[in-house]
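**Q** Numbering (this note's numbering), first residue to last: 723 to 830.
1) Residues bridged to residue 808 by DSSP?
2) Would the beta-carbon of residue 763 fall within 8 Å of that of residue 774?
3) Mapping DSSP to helix, strand and coil, what is residue 754?
4) Can you name, in chain order, every residue of its own chain whose Cβ lies under 7 Å from the Cβ of residue 778, other than the five neighbours on each side?
5) Within the same chain, show all residues whose beta-carbon is closer than 7 Å to that of residue 792, passing over the 5 residues directly before and after it, in chain order.
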C-alpha cells in the first residue's frame with residue numbers, strides 16, 4: 723500500500739507540472755524590454771509588425787521590414803532550450819548572439 727501511495731503521489735506531481743514546449747513558438751523577451759511573438763510562420767516583430775517568416779520547429783528567420791531598424795537584413799533565430807533563443811543578423815555569424823528568454827506571464 724505504501725508503494726502504491728508513493729506511485730500515485732509521484733504521478734500526480736509529474737502530471738501537474740507545466741508542459742514545456744519544444745518549439746520556437748511563443749512570446750520572447752529581451753532584457754532591454756523588447757519582445758516578439760512567433761506563431762507558426764507568423765511573427766510580430768519587436769516594433770509590432772505582423773509578417774511571415776520561415777518557420778522550423780527549432781528555428782525561424784525573417785527579413786526585417788522597411789520601417790524597422792536593420793531593414794532588409796535577415797534575422798536568424800535558433801531555439802537553444804525551452805527558455806532561450808539566440809538571435810543573429812545574417813552575415814554576422816562572428817558576433818555574439820542576442821539572448822532572448824521566454825516572457826513570463828503577465829499578471830493583471
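Backbone N, C-alpha and C define an ideal beta-carbon position, used for all residues, glycine too.
**A** Let me spell this out:
1) 800, 821
2) yes
3) coil
4) none
5) 786, 811
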